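Residue numbers (our numbering), protein chains in the order written: chain A, 3 to 495; chain B, 3 to 495.
For every residue, glycine included, the Cβ atom is placed at its ideal position computed from N, Cα and C.
The structure presented is a predicted model; accordingly, all values stated were derived computationally and were not measured.
Below: the structure, in C-alpha cells.
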C-alpha cells in the first residue's frame, strides 16, 4: 500500500506538522527561495482555480465587474487615511530604485544609486488607496454610482512568521471595492458580500461558518464596520475566512471623492471593500482532511472521480480500457471530471494511496473479476467505505454519491463545530474551555480594554459578534459590567 | 447623434492620438498615478478575460497546467544566466526595504532604514530564473518530465516611454515554462505554442499574423531561438504579438537542473518559455477599429449584441420590452451575449454612438413601427450597414451575422496586410518602401552588423525570418553578400 506516500504525521500527534506535511505531500504548495513567498503547485492551483471561477460567477451575478489596478502604490497615499496607515503601512515591501547595473568587480549586478525614485513605491498590501485615487476621476454625479469593481490580484504583507496558505508574505486574493451614493446602499453591499462568502463557504467548501461583526479592535484599518465569516478547524482554532468592510466616507474624504446628488449638492461617496484569499485553501484543507490526506468537497475537487484498472496482462488491460471508456465518457457528459489512470509505471496500491492523499472524492476500480461480473469497486474518500456495484447505472450512482459526499462532509464539519461551541458564564470556565479549543460564547462588556486583557491572559480573541444566536443580555465574565449579548471567542490562526 | 462621445481624432489626422483617444473614450484603460502603470477599466478587462479564458482552454488542451510562482526574485538569480541578465536585469523595480515608520515630524511615513533587506529583491520582469530554481527540486528523473506549467501574472519592466497596453511598466500576461528530456521535445513544444498563438490571433482576434523566427539581435535574452507572431497595424507598423522561446539547456545549466535518464546518466533538462500579454489588447484595438471607435471580433466581444428600444411612451416601451425579452432569451440560449439597454436616462442617439464606440458587433433597434410590423433594424458594426428584418428567425440570422462579421474583419485585415507587403531588391527601394509603411521582404546577409545598420538608417527591424513564403536565395540589398532568403522588415511598435 505504498506506505512511503502516506507518511503523514498524525493529527493527534502534531496537528501543525500534519498540516505542513499534507500541503507538501499532496503537491499543493511549497516555500520558495524568497522568504515567506510560496509556490502554488499545479494541483493546489487547480483547486484555487475552481474557487476563483465559482466566486467570480457569484460576484458577477450581483452586478460586480472585474478591473485591474496598479501593483505599486505611492508611499504618500498610505498616509492619507489615518487609521489605514497604522494598520498597513508598516510591514510592506518598498521599491526604492528602478535600475540595476553591472558590479564593477564583475561579481554580478548591484543597485544603481543614480536610479533612486523620488517617491518610494509600496507593493500593495491592499488597494483602497490606489483605487479611491482612481475613483476620484470616475465619479462626478449620482449617475456614475454605484461602482462595483473587483480585482483578482497578488498582494504583499511582510509577515514575520509565515505558514503555507495561512499566512504568507505574498498571497493571491480578490478585493472588491464599491462606491455608493448612500450609507444604506453601502451597508447593504457590505452585508450582501459577507452573505455571499458565507454561502460559498457552506455550499462549495462544505465549511460551516459563523457570520458576524468584528469588535473595534479587530476591525480593518479604515473601516467603520468589518463583517467576517469564521470557521472552526479540527484542532479547535478559528480561521477568519473572509471579510467585508463598510468603510463609510473615510476613503472618499481621504481622496476627496464627491458626487453631485439629484438636488445638486456635493456629497462624499460611501464605500465598501471585501476580500477572500488563498487562505481559503488553508480552511479547505484543515476543515475536512484526515490522517490519510486531503478530503476535498466534490464541488471544488479538480478530479472528482479517478478510475484505476487492475490487470494481469496487456490483453486484460485492453478489455478494461474499452469498458471504462464508455463509463468515463458518460460521467463526463454528466459534468463530472474524471481521470482514468491506466499508467503502467505505478502499482495500483501506489495509485490508491496517492489519490487518497490528494483527496479525490470517488475512486472506481475495475479488475479482471469485475470485468467478468460487469461490476466495479466504488470507494468514497470521506468515509473510506468500499462497495462493489454493477456497472449498470453506475454513472447515476456516482453523481448522487458526489452529492452525498458534499453533504456528508459539511454535516461532519457542522457536527464538529456544534460539539465544540460552548457557552460559559465565568472567566474561570472560559479559561478552562479555551484551553480545550473550540468556540466559546461569553459575555463581554464591550470595551477594548477587557478584550485586550482576555487576549493577553488566554490568547483568545473575539472572533465576532454573531448576527444570529442567543441575544440575551448578561454581565461581562471579567468585569461584571453589563453585556448586550454573548460574543464568540476562540484562539485563532 | 451624441457627437460629444464620438470626438475621436481621425486616424488619417494623427493615428497615435486616435489610438489614445479610443482607449480612453471606449473605457478600456487609463494612466494611473504611478508612472507607466495603467488601470485596466472594466470594459477593457472584460475583453482581456475573454482572451484569457480562450487561451487558457487552448493551453490546457495541450496538457499545460497552471501554477503560481513568487512576484519577487532575489537579485543574484538574475546574474546566473549571462545573456538573461543583460536583457532583463537593468530596468526593473528593486525592493530594498520591508518596513515604513512614522516620520518624526509627523508628516507621514518614511522608509525605516533598519529594515533593509540583506539581498535586494526584483519585481519579476519575467520568471525563468525563479521558476528554474524551483524546477531544480521538482525534477530528478526522466519520469518527472515533461513539466508543462503556465502562470497568469503581473510583471514589471521599467520602461521609459509608455503607451497604454502597448508598452507599460506593469503589464498582465501569461508565461509558460516547460521542461523536457530532449532537445527535440523542447523544440516541438516551442513550435506548438507559437502555432497556438497564431491560431488564436487569426481565429479569435481576427488578426492575420506572420509566423517566423527572430534574428539573433531580436532574440529573447537567454534563448537559442525565439519564434514570433507579427501583425500589421493600420498605420503600417508591425506589432510583435506573442513569442515562444527555445531556451536550450541555458537555464538548466544556470540553476543546475539535471535528471537521470533511462540509461542512468545525468542530463541537463531542455527548456521553453512562451508568453502573450495585455499588449494583445493593443493589437486587437488597432487592427480593426475605425474613426467611429472600436470594432471588436464577435468571438472576443463582451457584449455581442445590443438591443435598443425607441419608444414614445411608457406603454409602448412595455410592449417593446415584452417582445424583446423573447428574442434576447433565445439569443442567450444560443450562446450569444446580449445586452438590452432600455435605460431611460439616455437618448437612443447617445446609446447608438456609445455602443459604436465600444465596438459591439451587432445592434438591434425596435421602434413603434417595428413593433407593429414585427421587424427590427439590424446594424453591423464592421460595415455600419443597416437593414430592417422580420423578427421571424432573427435570432438565427444574428448568429450567422456574427460569424460573417468575424470572417469579414479577418479578411479585411488580411487584404490590408497583403496590399502592404512588398518585396524589394535594392536598398533604395527598401528605404522608399519603409517610409510608406507596411511589411517589406528583402534579402539580408544574415549578419547582426548589417541588421544594425539598416535599423540605424531606416528605423526598420527584422520582424522575423518567416516559416513560410518565398525561400529563393539572393544577395543582400545592403552588402551584396549572399542571402539565404528574403526576411520580413518593418518599423515596429
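For residue j and residue i, the rounded distance between their alpha carbons
{"i": "residue 314(A)", "j": "residue 350(A)", "result": "12 Å"}
{"i": "residue 404(B)", "j": "residue 126(B)", "result": "40 Å"}
{"i": "residue 360(A)", "j": "residue 354(A)", "result": "10 Å"}
{"i": "residue 477(B)", "j": "residue 445(B)", "result": "6 Å"}
{"i": "residue 71(A)", "j": "residue 44(B)", "result": "11 Å"}
{"i": "residue 188(A)", "j": "residue 274(A)", "result": "6 Å"}
{"i": "residue 370(A)", "j": "residue 348(A)", "result": "18 Å"}
{"i": "residue 156(B)", "j": "residue 165(B)", "result": "17 Å"}
{"i": "residue 49(A)", "j": "residue 255(B)", "result": "33 Å"}
{"i": "residue 305(A)", "j": "residue 261(B)", "result": "29 Å"}
{"i": "residue 56(B)", "j": "residue 301(B)", "result": "10 Å"}
{"i": "residue 334(A)", "j": "residue 357(A)", "result": "19 Å"}
{"i": "residue 4(A)", "j": "residue 18(A)", "result": "In this prediction, residue 4(A) scores a pLDDT of 39, lower than 50, which makes its location untrustworthy; the coordinate-derived value is nonetheless stated afterwards. Roughly 24 Å separates the two Cα atoms."}
{"i": "residue 215(B)", "j": "residue 200(B)", "result": "13 Å"}
{"i": "residue 496(B)", "j": "residue 110(A)", "result": "Nothing can be reported for residue 496(B), as the shown portion of chain B is limited to 3 through 495."}
{"i": "residue 66(B)", "j": "residue 151(B)", "result": "6 Å"}
{"i": "residue 12(A)", "j": "residue 232(A)", "result": "25 Å"}
{"i": "residue 402(B)", "j": "residue 411(B)", "result": "14 Å"}
CB-CB length for residue i against residue j, believed under 8 Å
{"i": "residue 224(A)", "j": "residue 253(A)", "result": "7 Å"}
{"i": "residue 209(B)", "j": "residue 466(B)", "result": "Not really, about 16 Å apart at Cβ, beyond 8 Å."}
{"i": "residue 272(B)", "j": "residue 178(B)", "result": "Going by Cβ atoms, the distance from residue 272(B) to residue 178(B) rounds to 14 Å, so no, they are not a contact pair."}
{"i": "residue 40(B)", "j": "residue 51(B)", "result": "Between residue 51(B) and residue 40(B) the Cβ distance is about 16 Å, and since that is not below 8 Å, they are no contact."}
{"i": "residue 140(A)", "j": "residue 149(A)", "result": "6 Å"}
{"i": "residue 291(A)", "j": "residue 24(A)", "result": "6 Å"}
{"i": "residue 96(B)", "j": "residue 122(B)", "result": "5 Å"}
{"i": "residue 257(B)", "j": "residue 82(B)", "result": "6 Å"}
Residue i: contacting residues in chain B (beta-carbon distance under 9 Å)
{"i": "residue 290(A)", "result": "Here the premise fails: no neighbours, minimum Cβ distance about 23 Å."}
{"i": "residue 77(A)", "result": "102, 110, 111, 112 and 113"}
Contact set between residue i and chain A, taken where Cβ atoms lie within less than 8 Å
{"i": "residue 68(B)", "result": "44, 47, 48 and 51"}
{"i": "residue 41(B)", "result": "69, 70, 71, 72 and 136"}
Residue i and residue j closer than 8 Å at C-beta
{"i": "residue 419(B)", "j": "residue 234(B)", "result": "yes"}
{"i": "residue 308(A)", "j": "residue 343(A)", "result": "yes"}
{"i": "residue 153(B)", "j": "residue 69(B)", "result": "yes"}
{"i": "residue 134(B)", "j": "residue 100(A)", "result": "no"}
{"i": "residue 144(A)", "j": "residue 84(A)", "result": "no"}
{"i": "residue 105(A)", "j": "residue 113(A)", "result": "no"}
{"i": "residue 310(B)", "j": "residue 365(B)", "result": "yes"}
{"i": "residue 282(B)", "j": "residue 42(B)", "result": "no"}
{"i": "residue 181(B)", "j": "residue 243(B)", "result": "no"}
{"i": "residue 473(B)", "j": "residue 493(B)", "result": "no"}
{"i": "residue 490(B)", "j": "residue 441(B)", "result": "yes"}
{"i": "residue 324(B)", "j": "residue 340(B)", "result": "no"}
{"i": "residue 36(A)", "j": "residue 74(B)", "result": "yes"}
{"i": "residue 427(A)", "j": "residue 485(A)", "result": "no"}
{"i": "residue 453(A)", "j": "residue 464(A)", "result": "yes"}
{"i": "residue 413(B)", "j": "residue 278(B)", "result": "no"}
{"i": "residue 362(B)", "j": "residue 379(B)", "result": "no"}
{"i": "residue 460(A)", "j": "residue 433(A)", "result": "yes"}
Within chain A, partners of residue i - CB distance below 7 Å
{"i": "residue 414(B)", "result": "Simply none; closest approach about 30 Å."}
{"i": "residue 266(B)", "result": "Per Cβ cutoff of 7 Å: no residues; residue 266(B) is ~16 Å from chain A at best."}
Short CB-CB distance (under 8 Å) between residue i and chain D
{"i": "residue 86(B)", "result": "Annotation note: the requested chain D is absent from the structure, which comprises protein chains A and B."}
Chain B residues whose Cβ lies nearer than 8 Å to that of residue i
{"i": "residue 101(A)", "result": "92, 93, 94, 96 and 160"}
{"i": "residue 222(A)", "result": "Under the 8 Å cutoff, chain B gives no residues; its nearest Cβ is about 19 Å from residue 222(A)."}
{"i": "residue 172(A)", "result": "72, 73 and 74"}
Interface residues of chain A facing residue i [CB-CB closer than 9 Å]
{"i": "residue 2(B)", "result": "Residue 2(B) is absent from the structure shown; chain B starts at 3 and stops at 495."}
{"i": "residue 145(B)", "result": "347"}
Where residue i meets chain B, residues with beta-carbon distance less than 7 Å
{"i": "residue 81(A)", "result": "110 and 111"}
{"i": "residue 151(A)", "result": "44"}
Which ranges does the beta strand (DSSP E) cover as unbroken runs of at least 3 residues, wholly within the stretch 450–474 of chain A, from first to last along the chain? With a minimum length of 3 residues, the continuous beta strand (DSSP E) runs that stay inside the stretch 450–474 of chain A are 463–468.
Segments assigned alpha helix (DSSP H), at least 4 residues, entirely inside the stretch 350–398 of chain B: 350–359 and 370–375
What runs of the alpha helix (DSSP H), each 4 residues or longer, lie entirely inside the stretch 258–294 of chain B? 281–290
Unbroken stretches of the alpha helix (DSSP H), 4 residues or longer, contained in the stretch 124–212 of chain B: 130–140 and 185–205
Starting from the N-terminal side, write out each stretch of the beta strand (DSSP E) that is 3 residues or longer and does not extend beyond the stretch 222–259 of chain A. Runs of beta strand (DSSP E) with 3 or more residues, each lying fully within the stretch 222–259 of chain A, are found at 227–234 and 240–250, listed in chain order.
Identify every run of the beta strand (DSSP E) within the stretch 11–36 of chain B, keeping only runs that are complete inside it and at least 3 residues long; order them along the chain. 31–33
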